[in-house]
Amino acid sequence: FFRSIFVAVMRLSTVLLAVAVADNKQVADDMFKDTATRIIEAYVFEEYEKFAAGELTFRTLKTHLSEKIGMTYEDLSLDHYAAVIEDATDAVANKCDSGKMPLAECKRKFPADREEL
Numbered sequence: 096f097f098r099s100i101f102v103a104v105m106r107l108s109t110v111l112l113a114v115a116v117a118d119n120k121q122v123a124d125d126m127f128k129d130t131a132t133r134i135i136e137a138y139v140f141e142e143y144e145k146f147a148a149g150e151l152t153f154r155t156l157k158t159h160l161s162e163k164i165g166m167t168y169e170d171l172s173l174d175h176y177a178a179v180i181e182d183a184t185d186a187v188a189n190k191c192d193s194g195k196m197p198l199a200e201c202k203r204k205f206p207a208d209r210e211e212l
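Using our numbering, you'd call the opening residue of the sequence shown number 96 and step up by one each time.
The structure is reproduced here in structure tokens:
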């Protein structure tokens, strides 16, 4: 009897641990996305002339992001991180007509409450 209770408790503990890890991973992924997006937007705005001329590369963007958040360039090249970087960059390109829009007008298309990092 006690053995079956012990086994049931151990199984439940394993399930609860798996759920907690998954929740923490989702929280970490959400935090990365929010932080990386803010850094990318600020960097693109800072280098808007290069962005508009098509001279801002993913390499320089990832290098800047790596320095800001302390992740290696190689880590940022992993698919799930690279997708966040690409999505954030695409959002600026799409909202700002790939840099054809004046910078001040472009910035107004993004949340004003964004805190620069």
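Even for Gly, the Cβ is constructed at its ideal location relative to N, Cα and C.
Cβ pair residue i, residue j closer than 9 Å
| i | j | result |
| --- | --- | --- |
| F146 | V179 | no |
| K190 | F140 | no |
| D185 | Y176 | no |
| E181 | F205 | no |
Inter-residue spacing [alpha-carbon to alpha-carbon] between residue i and residue j
| i | j | result |
| --- | --- | --- |
| V116 | T155 | Because V116 sits at a pLDDT of 45, beneath the cut-off of 50, its placement in the model cannot be relied upon, and the following sentence gives the value as read from the coordinates. One C-alpha to the other measures close to 33 Å. |
| T158 | M166 | 10 Å |
| A183 | D192 | 14 Å |
| L173 | E162 | 17 Å |
| M196 | D124 | 31 Å |
Rounded Cβ spacing between residue i and residue j (contact assumed at less than 8 Å)
| i | j | result |
| --- | --- | --- |
| I135 | L151 | Going by Cβ atoms, the distance from I135 to L151 rounds to 10 Å, so no, they are not a contact pair. |
| T130 | I164 | 6 Å |
| G194 | Y143 | 7 Å |
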